[in-house]
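Going by the working numbering, the letters in the sequence shown line up with residues 347 to 659, in that order.
From the three backbone atoms N, C-alpha and C, an ideal C-beta is built for every residue, glycine too.
As the structure is a computational prediction, the values presented were derived from the model and not from experiment.
The next block holds one structure in the form of structure tokens; read it before the comments.
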Amino acid sequence: MAAKLEDVKGIGPALADKLRSIGVTSIEALAITPPSFISEATGLNIDRAVKICQYARELLKINFISADEYLQRRLKIGKITTGCKALDELLGGGVETLAITEFAGEFGVGKTQLAHQLSVTVQLPRDMGGLGGAALYVDSEGTFRPERILQIASRFNLDGKEALKRIIFARAYNSDHQMLIVSQASSIIEKYNVKLIVVDSLIGHFRGEYAGREMLASRQQKLNRHIHQLLALADAYNLAVIVTNQVMANPATFFGNPNKPTGGHVLAHGSTYRIWLRKGKAGKRIAKIFDSPVHPESECTFMIAENGIVDVE
Ligand code: ATP
Ligand code: MG
Numbered sequence: 347m348a349a350k351l352e353d354v355k356g357i358g359p360a361l362a363d364k365l366r367s368i369g370v371t372s373i374e375a376l377a378i379t380p381p382s383f384i385s386e387a388t389g390l391n392i393d394r395a396v397k398i399c400q401y402a403r404e405l406l407k408i409n410f411i412s413a414d415e416y417l418q419r420r421l422k423i424g425k426i427t428t429g430c431k432a433l434d435e436l437l438g439g440g441v442e443t444l445a446i447t448e449f450a451g452e453f454g455v456g457k458t459q460l461a462h463q464l465s466v467t468v469q470l471p472r473d474m475g476g477l478g479g480a481a482l483y484v485d486s487e488g489t490f491r492p493e494r495i496l497q498i499a500s501r502f503n504l505d506g507k508e509a510l511k512r513i514i515f516a517r518a519y520n521s522d523h524q525m526l527i528v529s530q531a532s533s534i535i536e537k538y539n540v541k542l543i544v545v546d547s548l549i550g551h552f553r554g555e556y557a558g559r560e561m562l563a564s565r566q567q568k569l570n571r572h573i574h575q576l577l578a579l580a581d582a583y584n585l586a587v588i589v590t591n592q593v594m595a596n597p598a599t600f601f602g603n604p605n606k607p608t609g610g611h612v613l614a615h616g617s618t619y620r621i622w623l624r625k626g627k628a629g630k631r632i633a634k635i636f637d638s639p640v641h642p643e644s645e646c647t648f649m650i651a652e653n654g655i656v657d658v659e
């Protein structure tokens with residue numbers, strides 16, 4: 347997009363420079379930055395901050411669109427292969443842009459492995475199931491392993507070092523830091539052509555910091571803001587977002603009496619697709635899609651191997 351910040355009504359060169367200096371480098375970034383943040387960071391009064399954000403959204407036409415325009419936008423959806431045929435089929439072709447896909451399940455089930463794999467496959471050219479883009483990997487648990495990326499990259503015939511360069515890594519140390527990383531992601535997304543944002547795990551910090559019933563409402567509010575930040579990025583840049591969510595469950599009763607993933611209603615409404623993972627026999631993993639507006643409820647199996655997520659032979 348050729349339009350600059352200066353093209354937004356109410357923004358002169360001085361304000362544009364100020365906005366750029368706080369990381370709001372484009373109209374897209376302005377459209378999705380909370381006015382309160384802009385007001386605090388630039389000293390602009392809040393009414394004017396609200397107005398310029400509003401004008402930016404109008405310029406990008408992300409406020410109100412007709413169903414016809416909406417269909418046009420949906421036609422732009424990109425899909426990222428998981429590298430596993432069965433999982434791709436379950437997802438209707440792969441992980442979609444313009445959406446958040448949540449992978450939920452107990453420890454060791456393969457959520458982080460999937461996050462690593464997709465950070466590689468997003469880099470593949472489109473005719474090989476990727477989007478020719480980079481990944482922004484937000485790690486809240488310290489489980490990102492570059493060595494694992496090298497193994498997975500070689501399976502897809504990608505140069506390992508190049509693949510690592512196209513994964514922008516950020517360790518989130520607490521929930522505020524996690525949200526800050528996402529709120530400042532615009533310039534990185536533009537610079538590296540990020541087509542996938544990973545948040546592994548989405549709610550670990552939130553759960554730890556907001557323990558106890560009396561904290562629940564504030565936790566949910568904050569989580570809600572975080573999820574909308576992510577959805578806004580998915581929307582503004584036509585990129586995919588995947589988040590992981592640890593669920594403690596007794597595998598035997600997992601689906602008979604499904605435990606609710608942590609995050610409650612906020613996450614249920616925010617994430618567009620929810621994939622539940624559970625452990626099966628002989629190292630197999632079972633994935634089931636829930637709550638999808640377009641997919642039928644169905645299941646598939648996969649395995650975690652030396653070279654990543656693979657189909658069951
Ligand atoms: P948590 O909730 O604890 O973060 P998770 O769902 O993220 O768990 P992963 O770390 O993705 O779990 O999966 C761990 C599993 O992946 C291990 O138990 C192991 O079975 C498998 N795994 C990891 N690396 C390899 C490898 N190099 N070869 C084969 N299997 C592997
Ligand atoms: Mg993990």
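heavy atom of the ligand MG below 6 Å from residue i C-beta
i      : result
Thr447 : no
Lys625 : no
Thr618 : no
Per DSSP, the bridge partner or partners of residue i
i      : result
Met649 : Val656
Asp485 : Arg517 and Asp546
Gly424 : Gly424 is not bridged to any residue.
Glu442 : Lys425
Gly389 : DSSP output for Gly389 lists no bridge partner at all.
Thr447 : Ile588 and Tyr619
Ala480 : Val540
C-beta atoms of residue i and residue j nearer than 7 Å
i      : j      : result
Ile588 : Thr447 : yes
Val466 : Ala499 : yes
Cys430 : Ile621 : no
Phe449 : Leu460 : yes
Thr379 : Lys364 : no
Gly475 : Val468 : no
Leu542 : Leu464 : yes
Own chain partners of residue i with C-beta closer than 6 Å, once the 5 adjacent residues on each side are dropped
i      : result
Thr599 : Below a pLDDT of 50, predicted positions are generally treated as unreliable, and Thr599, at 41, falls in that range; the measurement from the model is reported next regardless. Excluding residues within five positions, none has a Cβ falling inside 6 Å.
Ala557 : none
Thr618 : Ala445 and Ile446
Pro660 : An answer regarding residue 660 cannot be provided, because it is not within the stretch 347 to 659 covered by the chain.
Lys425 : Gly439, Gly440 and Glu442
Ser533 : Gly369 and Thr371
Thr647 : Lys630, Ile632 and Val658
Lys634 : Trp622 and Glu645
Met347 : Low confidence applies to Met347: its pLDDT is 45, below 50, so where it sits in the model is not reliable, and the reading given next is rough at best. Same-chain partners within the cutoff: there are none.
Tyr416 : none
Boundaries of the beta strand (DSSP E) in which residue i is found, first to last residue
i      : result
Glu560 : No beta strand (DSSP E) contains Glu560, which DSSP labels as neither H nor E.
Thr618 : Careful: Thr618 lies outside any beta strand (DSSP E) and carries neither H nor E.
Ile635 : Arg631 to Phe636
Host alpha helix (DSSP H) of residue i (start-end)
i      : result
Leu510 : Gly506 to Lys511
Gln592 : Gln592 -> not in any alpha helix (DSSP H); beta strand (DSSP E) instead, spanning Ala586 to Gln592.
Lys457 : Lys457 to Thr467
Ala531 : Ala531 to Tyr538
Ile357 : Taken as a continuous stretch (DSSP letters only), Ile357 belongs to no alpha helix (DSSP H), as it is neither H nor E.
Proximity test, residue i beta-carbon vs the ligand ATP heavy atom, cut-off 6 Å
i      : result
Gly454 : yes
Thr458 : yes
Close-in-space but distant-in-sequence residues of the same chain around residue i (CB under 8 Å, 5 per side omitted)
i      : result
Pro597 : Residue placement at Pro597 is flagged as unreliable, the pLDDT there being 42, under the threshold of 50; the coordinate-derived value follows with that caveat. Excluding residues within five positions, the ones whose Cβ falls inside 8 Å are Glu452, Arg624 and Lys625.
Gly358 : Glu352
Near the ligand NAD: residue i beta-carbon under 6 Å from a heavy atom
i      : result
Thr647 : The model on display carries the ligand ATP and the ligand MG but not the ligand NAD.
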